[in-house]
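**Student:** First, the structure itself, so that you have it in front of you.
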Amino acid sequence: MLVLSVVSAVTLLLSLTAASPTPDDCVHLNKSLSAEDLHTIFGRWILHEAFVLSRHDLFSQILKTISSSQIEFMPTDNNHTVISKHENMRDETCTRYSVTFTIVGNKIQHSPTANATFEAHFLQTCDGCLSMYYTIDTSEQNKGIYLLFYRKAGTQPQTDQETAREQARCLGFLQPPDFTYNQADLCPEKSDANNTKEEEQ
């Protein structure tokens, strides 16, 4: 019985080791979208998993309170800005807000004040998926970095989930994810919305 237990433990250890991405895997997994491919972010996306570097900053605390989240990226006529529309469900209440980002190379940035910057760049990922590396910097004492994994569809194949988690491990994000979508209700269509709060940033 002892021998069997040792064999089982070794097998488990080997399987965990095999599952960890190698440095070569990480180079392949963590390629950023180019400026020419930035148009692929446009459309509506459902947040499936969110990874954090710290479980104590404000945004990571907010992640624990939402049941679903969507984002829609829309181009503008001037080709220098991108509009993002956000919808979050929390306690059966939908909160909507929009942000206008400026395109800077292959990144998008928003600076509502002199001391606050929101910046995102995107990683190459699976078809129908969006992997966003998001930085919120409001002061030297309050900076958060997150990896947000979206899909157009409401369900997530296991292979796509594994891709997202390997990207997160390569970048040093904490495991397990701080948010995982469990098929909770999304914000209703605007014509059907009753309990809705709208903001603009």
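Taking mature numbering (1 follows the signal peptide of the UniProt record, and there is no 0), I'd label the letters of the sequence shown as residues -19 to -1, 1 to 182. Don't be surprised by glycine CBs; every beta carbon is placed ideally from N, CA and C. A quick note: this is a predicted structure, and the numbers were derived from the prediction, not measured.
Buried or exposed for Leu104, going by 16 or more other Cβ atoms inside 10 Å?
**Tutor:** With 16 or more Cβ atoms within 10 Å of its Cβ, Leu104 is classed as buried.
**Student:** By DSSP, does Ala145 sit in helix, in strand, or in coil?
**Tutor:** helix
**Student:** Within 10 Å of its beta-carbon, does Val8 have 16 or more other beta-carbons around it, so buried, or fewer, so exposed?
**Tutor:** exposed
**Student:** Going by DSSP, what residue range makes up the beta strand (DSSP E) through residue 257?
**Tutor:** With the chain running from -19 to 182 in the structure shown, residue 257 is simply not present.
**Student:** Return the chain-ordered list of same chain residues with a C-beta closer than 6 Å to the C-beta of Lys66, the five sequence neighbours on each side being excluded.
**Tutor:** Glu53 and Ser79
**Student:** Ala165: buried (16+ other C-beta within 10 angstroms of its C-beta) or exposed?
**Tutor:** exposed
**Student:** Just to check my reading of the structure: Asp141 and Leu44 have Cβ atoms closer than 8 Å, yes? What is that Cβ distance to the nearest angstrom?
**Tutor:** The Cβ separation is near 20 Å, so there is no contact.
**Student:** Have a look at Cys107, Ile89, Pro138 and Thr106 and flag the residue whose alpha-carbon is nearest the alpha-carbon of Tyr115.
**Tutor:** Ile89
**Student:** Below 8 Å between beta carbons: does that hold for Leu14 and Pro2?
**Tutor:** Result no, Cβ atoms of Leu14 and Pro2 do not sit closer than 8 Å.
**Student:** To the nearest angstrom, report how far apart Arg36 and Gly135 are at their CA atoms.
**Tutor:** Those two C-alpha atoms are separated by around 26 Å.
**Student:** For the alpha helix (DSSP H) that Phe112 lies in, which residues bound it at each end?
**Tutor:** The sequence given here places Ser at residue 112; Phe does not occur at that position. It is not in any alpha helix (DSSP H) - Ser112 instead sits in the beta strand (DSSP E) that spans Cys110 to Ser120.
**Student:** What does DSSP give as the partner residue(s) for Lys88 in the beta ladder?
**Tutor:** Val85 and His102
**Student:** Which residue's Cα is closest to the Cα of Glu147: Arg132, Lys133 and Leu128?
**Tutor:** Per the Cα distances, Leu128.
**Student:** Which same chain residues, not among the five before or five after Leu24, have their C-beta less than 8 Å away from its C-beta?
**Tutor:** A quick correction: the sequence has Gly, not Leu, at residue 24. The answer, listed in chain order, is Glu53, Phe54 and Lys133.
**Student:** Val63 bridges to which residues according to DSSP?
**Tutor:** Pro56 and Phe82
**Student:** Could you work out which residue in His61, Ala97 and Gln156 is closest to Ala16 when comparing CA atoms only?
**Tutor:** The shortest CA-to-CA distance from Ala16 to any of His61, Ala97 and Gln156 is the one to His61.
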